[in-house]
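Numbering (our numbering), first residue to last: 3 to 275. For reference, the structure is listed below as structure tokens.
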């Protein structure tokens, strides 16, 4: 018998955007299937006055406190306030910085928001994101050789979200739908630069996702073969045939998250470069 789900408050205090904390907090929370975190995010906290206001909120809804604050005086203030309230708190970056300092033999510069500097890497990610949005769902197929990765697959194999995730890592990603009986663009067949990856899934999985899409459409939408598993199996067979013919690797996304699919694609890219 499943345990009833419980809830707890998770307070995330950051002197920058809070993205690092959010990822760490969710990764830890995911290990507790019977407990769900109610997230409270406090970004750009850089003064004692702001910290005081944050702890007024925490006092109303106490819970676990995670923080990334590089100013050591402010960090001590958070530790002291948590101790006074009897609440657990963790500085997420401190153990990592300690390892870096031990290995590199020099203390961290402790620059607030250092990971968000507008450097070449930042603009590379923006460029990749622009490219990916322009080349979503088969748009602008003529310049496939400008892509780092091209994702192909039948409808509802997570091509677009995976493309956007990869773009956020600075990888120019295009995606092209596979439609039964419709040949792929010649520009893709002739492309020499990009890694082409086919995304597949089980017919059951695709049928389920498509059914949910239908429920969100207007009553005028007629599904016909869209959710029929036999028809989906035909589409998948056609997709696999195309990938096999051209020697393109395939990834089954049935039980993978977007992050896991992207990681598998990046691993494939590393092997082929």
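Where is the CB? At the ideal position from N, CA and C, for every residue including glycine.
- Residues of the same chain with a CB within less than 7 Å of the CB of residue 274, apart from the 5 flanking positions on each side, are 197 in chain order.
- Three or more Cβ pairs closer than 8 Å define a contact, and the region 70-77 meets that threshold against the region 6-20.
- If the five residues before and after residue 53 are omitted, its C-beta is found closer than 7 Å to the C-beta atoms of 47, 76, 79, 80, all from its own chain and listed in chain order.
- If you draw a straight line from the Cα of residue 50 to the Cα of residue 123, it is about 33 Å long.
- Straight through space, the alpha carbons of residue 229 and residue 237 are spaced by roughly 11 Å.
- DSSP places residue 179 in the uninterrupted beta strand (DSSP E) bounded by 175-179.
- For the options 270, 86, 74, 215, the alpha carbon positioned closest to that of residue 153 is the one of 270.
- Put simply, the backbone Cα of residue 141 is about 8 Å away from that of residue 178.
- Here the C-alpha atom of residue 186 lies approximately 10 Å from the C-alpha atom of residue 241.
- Within the model, the alpha-carbon separation for residue 165 versus residue 133 is close to 10 Å.
- The C-beta separation of residue 180 from residue 267 comes to about 17 Å, leaving the pair out of contact by the 8 Å criterion.
- Note: residue 98 is not bridge-paired with any residue in the DSSP secondary-structure output.
- Secondary structure at residue 104: helix, using DSSP grouped into helix, strand and coil.
- Counting every other CB atom within 10 Å of its CB across the protein chains shown gives residue 246 a total below 16, marking it as exposed.
- Taking the Cβ atoms as the reference, residue 10 lies roughly 7 Å from residue 66, within the contact range of under 8 Å.
- In the three-state reduction of the DSSP assignment, residue 63 falls in the coil class.
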